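The numbers in UniProt numbering rise by one with no breaks, and the one at position 284 of the sequence shown is 284. Here is the structure we will look at.
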Amino acid sequence: MHFRRSDRSPAASFACRHGIRQLRSGWADGPAYITQCPIQSGQSYVYKFTITGQRGTLWWHAHISWLRATVYGPIVILPKSGEGYPFPAPYKEVPVIFGEWWKADTEAVISQALQTGGGPNVSDAFTINGLPGPLYNCSAKDTFKLKVQPGKTYMLRIINAALNDELFFSIAGHPLTIVDVDAVYIKPITVETLIITPGQTTNVLLTTKPSYPGANFYMLAAPYSTARPGTFDNTTVAGILEYENPASPPPHAAFNKNLPLLKPTLPQINDTSFVSNYTAKLRSLATAEYPANVPQEVDHRFFFTVGLGTHPCAVNGTCQGPTNDTRFAASVNNVSFVLPTTALLQAHFTGRSNGVYSPNFPVSPLVPFNYTGTPPNNTNVSNGTKLVVLPYGATVELVMQGTSILGAESHPLHLHGFNFFVVGQGFGNFDPVKDPAKFNLIDPVERNTVGVPAAGWVAIRFRADNPGVWFMHCHLEVHVSWGLKMAWLVLDGHHTNEKLLPPPSDLPKC
Numbered sequence: 001m002h003f004r005r006s007d008r009s010p011a012a013s014f015a016c017r018h019g020i021r022q023l024r025s026g027w028a029d030g031p032a033y034i035t036q037c038p039i040q041s042g043q044s045y046v047y048k049f050t051i052t053g054q055r056g057t058l059w060w061h062a063h064i065s066w067l068r069a070t071v072y073g074p075i076v077i078l079p080k081s082g083e084g085y086p087f088p089a090p091y092k093e094v095p096v097i098f099g100e101w102w103k104a105d106t107e108a109v110i111s112q113a114l115q116t117g118g119g120p121n122v123s124d125a126f127t128i129n130g131l132p133g134p135l136y137n138c139s140a141k142d143t144f145k146l147k148v149q150p151g152k153t154y155m156l157r158i159i160n161a162a163l164n165d166e167l168f169f170s171i172a173g174h175p176l177t178i179v180d181v182d183a184v185y186i187k188p189i190t191v192e193t194l195i196i197t198p199g200q201t202t203n204v205l206l207t208t209k210p211s212y213p214g215a216n217f218y219m220l221a222a223p224y225s226t227a228r229p230g231t232f233d234n235t236t237v238a239g240i241l242e243y244e245n246p247a248s249p250p251p252h253a254a255f256n257k258n259l260p261l262l263k264p265t266l267p268q269i270n271d272t273s274f275v276s277n278y279t280a281k282l283r284s285l286a287t288a289e290y291p292a293n294v295p296q297e298v299d300h301r302f303f304f305t306v307g308l309g310t311h312p313c314a315v316n317g318t319c320q321g322p323t324n325d326t327r328f329a330a331s332v333n334n335v336s337f338v339l340p341t342t343a344l345l346q347a348h349f350t351g352r353s354n355g356v357y358s359p360n361f362p363v364s365p366l367v368p369f370n371y372t373g374t375p376p377n378n379t380n381v382s383n384g385t386k387l388v389v390l391p392y393g394a395t396v397e398l399v400m401q402g403t404s405i406l407g408a409e410s411h412p413l414h415l416h417g418f419n420f421f422v423v424g425q426g427f428g429n430f431d432p433v434k435d436p437a438k439f440n441l442i443d444p445v446e447r448n449t450v451g452v453p454a455a456g457w458v459a460i461r462f463r464a465d466n467p468g469v470w471f472m473h474c475h476l477e478v479h480v481s482w483g484l485k486m487a488w489l490v491l492d493g494h495h496t497n498e499k500l501l502p503p504p505s506d507l508p509k510c
C-alpha cells in the first residue's frame, strides 16, 4: 500500500493494516508513535509487508487521534490459488462496513473533550458502506441496497469501523451463518443477530429465499452499550435487502415502494447476556488443515485491569469530568498510557530507549481491589509510557479484567502483530484458582480483537513469535484518547528469521 498525503490534509497521518500479522515488518504496522512517526503533509511512505498464512477479511484505517472516522477501508485476502473455502463457495461476496457519521469535525470533538476533561459529543448517525439509510431524517435516498437473486448464497464480509460503538446486526427473515471472524475460520453457527465490536470482522453466509418473496427486507445495525445514556449514539442504521424480480421487465433494479418492508427485532441496547451467549458459541475449526495451535504451557502470566478512571484537574482549571475537580481518564493496570514524541519501535531498534519508555509495565495491579464491586474512593490513575518486555517465542496468558469504576462497560481490546486464542471469559472478578480449570484449550476462537465483558473478564493466550513493539488498546476511540492502551516489546530471537528487519529508508522522521 502506498499512502500519500495532500497539502490540504491534516498535519500528519498514517494507516494501520488492522489484523495483518506483520511478521518482522513492524515498520509497516502504522500506529502513531508506536511503530512510526507521522507522514507529514506532502510526504509519502510505502508500506511493504508480506502476508503469511492469513486469509479472510481485515481492514485498514488511520491510526492517529480520531482520523479513522473517515479514513478506512477493507482488506480482502483470498485463499491461495487452488485452495477453496472450508464451506461451499458463495455465489457472490459483498463487503459491508459499518461507520459513524458526524456533523462536526471529529478532530474538534475530541480536542474539545480533552481540553475540558469531559466526555466527547457522540456521532449523529451510523452508516452501512457510507450510507445512513431511511431511518434518519433526510437520508432516505442515501441507503445501502443489497440486490440479490432467489436461491443464492452470498458472503457478507462485515467490518465494524465505527469509532465508539459495538453493534448488533440482523436482516429480517434471513438467518446468518457465521464462518469466519477476524480472518480465521470457525465452526459455522447460524444466528438471527450478531454482535461486532469496533475493530472486529465477521464473514457470514446469507442464503436467499428459493423464490421471489414479493417483499423487501431491512438490514439493521444498532448499538450495544452498558454505559449511561447520552454517552453513545443511540440510533439505528438501515439498509435494504432487495430481491431482483425476474418477472419484471428490465430495468427491474428500481426499488418497489409498494412491496412490504419487513424489519428484524434487535436485542435491547444493554443485553449483555445476549453478547455473552453469542461470543461463547464461537469456536475455531481445529482441523488438520486449519489447526488451533493453542499454547498448552504458559511461560508468562499477566493480569491487567482495564477501565475508566480520573485525573485531577489542573490548578485553577475547570474540568468537566465525573466531578468538578476531575478529568476523565482510562488505564490498563492503573497506567494511563502517554504517547512519546519518538516512535517506540525506532527507540528500541536504535538502542535509545532512555527517556522514551520504561520496560516495567506492571504484570498485575499494584493495589488489588474489588474490581467489579463498589469502586474505591480514589479513582485517580497514573500516567506513563511503560512496556512489557518478552523474550522471543515466549508463551503468554493474559487475563483482562473489566472494572466498574465510573460504570461497567465492555472494552474491545485489539492486539497488534498477533492473533490470540480466547480461552475463557466470565463475569465478576476472575478467580485464579477456579476459572482456569474451565479454560478451553482445544478449540477456542482465534481473534485479534476481543470484547472484555462489562463487569467481567476475558483470558487469552498467544505465542510471542513476532519481534518488535506491538500496540494493544481499546478500540473505542474515546477510551484510547483517555489512555486505555499499552505496548508489548518482543525481543529478537537467536536465528536470522527471528529478528526484526531494519527500517525502510523512507520511514517518516519525528
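We put the CB at the ideal spot given by N, CA and C, even for glycine. Values in this document were obtained by computation on a predicted structure and should not be read as measured data.
If I measure Cβ to Cβ from residue i and keep anything under 7 Å in the same chain, skipping five residues before and after, which residues do I get?
i       : result
Leu-259 : Gly-214, Ala-215 and Asn-216
Phe-349 : Leu-500 and Pro-503
Cys-510 : Cys-37, Thr-341, Thr-342 and Ala-343
Pro-134 : Ala-140, Thr-143 and Ala-238
So, helix, strand or coil for residue i, using DSSP?
i       : result
Arg-68  : helix
Trp-27  : helix
Lys-438 : helix
Ile-51  : coil
Thr-350 : coil
Glu-477 : helix
Glu-100 : strand
Ile-269 : coil
Leu-344 : helix
Asn-160 : strand
Asn-497 : helix
Leu-114 : helix
Lys-274 : In the sequence as displayed, the identity of residue 274 is Phe instead of Lys. Note: Phe-274 maps to helix in three-state DSSP.
Ala-108 : helix
Pro-223 : strand
Spatial neighbours of residue i within its chain, please: CB distance less than 8 Å, with the 5 preceding and 5 following residues excluded, ordered by chain position.
i       : result
Lys-485 : Val-332, Phe-337, Phe-471, Met-472, His-473 and Cys-474
Leu-114 : Ser-481
Ser-505 : none
Tyr-218 : Ile-171, Ala-172, Ala-238, Gly-239, Ile-240, Leu-241, Leu-261, Leu-262, Lys-263 and Pro-264
Val-71  : Ser-13, Ala-15, His-61 and Ala-62
Ser-9   : Residue placement at Ser-9 cannot be trusted, given a pLDDT of 37 that sits under 50; the coordinates are not used to answer.
Val-109 : Trp-66, Trp-102, Pro-120 and Asn-121
Cys-319 : Thr-116, Gly-117, Gly-118, Cys-313, Asp-325, Thr-326 and Arg-327
Ala-280 : Gln-425
Pro-436 : Gly-424 and Ala-459
Could you pull out every residue in the same chain whose Cβ sits closer than 6 Å to the Cβ of residue i, ignoring the five residues on either side in sequence?
i       : result
Gly-451 : Thr-197, Ser-410 and Pro-412
Leu-23  : Thr-52 and Asn-466
Phe-304 : Val-332, Asn-333 and Met-400
Tyr-212 : Pro-150, Tyr-243 and Asn-245
Ala-329 : Gly-309, Thr-310, His-311, Ser-336, Val-381, Trp-482 and Gly-483
Asn-429 : Tyr-371 and Thr-372
Take residue i as the anchor and find which of the options has the nearest alpha-carbon.
i           : options                               : result
residue 517 : Ala-454, Asp-180 and Val-490          : Residue 517 cannot be examined here, being either before or after the span of the chain that is shown, 1 to 510.
Tyr-97      : Asn-203, Thr-385, Gln-268 and Ile-20  : The identity of residue 97 in the sequence shown is Ile, whereas the question assumes Tyr. Cα-wise, what sits closest to Ile-97 is Asn-203.
Tyr-85      : Pro-188, Gly-118 and Val-71           : Pro-188
Trp-101     : Gln-112, Val-122 and Pro-508          : Val-122
Ser-382     : Arg-447, His-311 and Leu-266          : His-311
Leu-131     : Val-76, Asn-324, Ala-238 and Gly-424  : Ala-238
Tyr-371     : Phe-421, Asp-431, Thr-385 and Gly-351 : Asp-431
Tyr-385     : Phe-427, Gly-483 and Gln-346          : A quick correction: the sequence has Thr, not Tyr, at residue 385. Ranking the options by Cα distance to Thr-385, first place goes to Gly-483.
Ser-353     : Ile-64, Arg-327 and Val-389           : Val-389
Thr-50      : Tyr-212, Arg-21 and Ala-69            : Arg-21
Phe-169     : Val-191, Gly-424 and Val-445          : Val-191
Ala-394     : Gln-200, Thr-272, Phe-302 and Val-275 : Phe-302
Ala-455     : Gly-407, Val-478, Asn-497 and Leu-415 : Gly-407
Thr-201     : Val-76, Leu-441, Ala-32 and Gly-30    : Val-76
Phe-232     : Thr-496, Leu-476 and Ala-487          : Leu-476
Thr-235     : Phe-126, Val-181, Pro-291 and Asn-164 : Phe-126
Which residues does DSSP list as the beta-bridge partners of residue i?
i       : result
Ser-505 : BP columns for Ser-505 are empty, so no partner.
Cys-16  : His-61
Arg-283 : Pro-444
Asn-380 : Thr-310
Asp-180 : Tyr-185 and Asn-203
His-416 : None, per the DSSP bridge assignment.
Below 8 Å on the Cβ atoms is my contact criterion, and I expect residue i with residue j to pass it. Report the Cβ-Cβ distance as a whole number of Å.
i       : j       : result
Val-148 : Leu-241 : 6 Å
Asn-419 : Val-184 : 7 Å
Pro-267 : Thr-193 : 6 Å
Leu-167 : Pro-223 : 6 Å
Arg-157 : Pro-90  : Going by Cβ atoms, the distance from Arg-157 to Pro-90 rounds to 10 Å, so no, they are not a contact pair.
Asn-150 : Thr-207 : Per the sequence shown, the amino acid found at residue 150 is Pro instead of Asn. Wrong, their Cβ atoms sit about 10 Å apart, outside the cutoff.
Ile-159 : Ala-221 : About 12 Å separates the two Cβ atoms, so there is no contact after all.
Phe-87  : Leu-205 : 7 Å
Asp-34  : Val-469 : Note on residue identity: the sequence assigns Ile, not Asp, to residue 34. Going by Cβ atoms, the distance from Ile-34 to Val-469 rounds to 6 Å, so yes, they are a contact pair.
When the cut-off is 7 Å and only beta carbons count, does residue i lie next to chain D?
i       : result
Pro-391 : The structure shown contains no chain D, having only a single protein chain.
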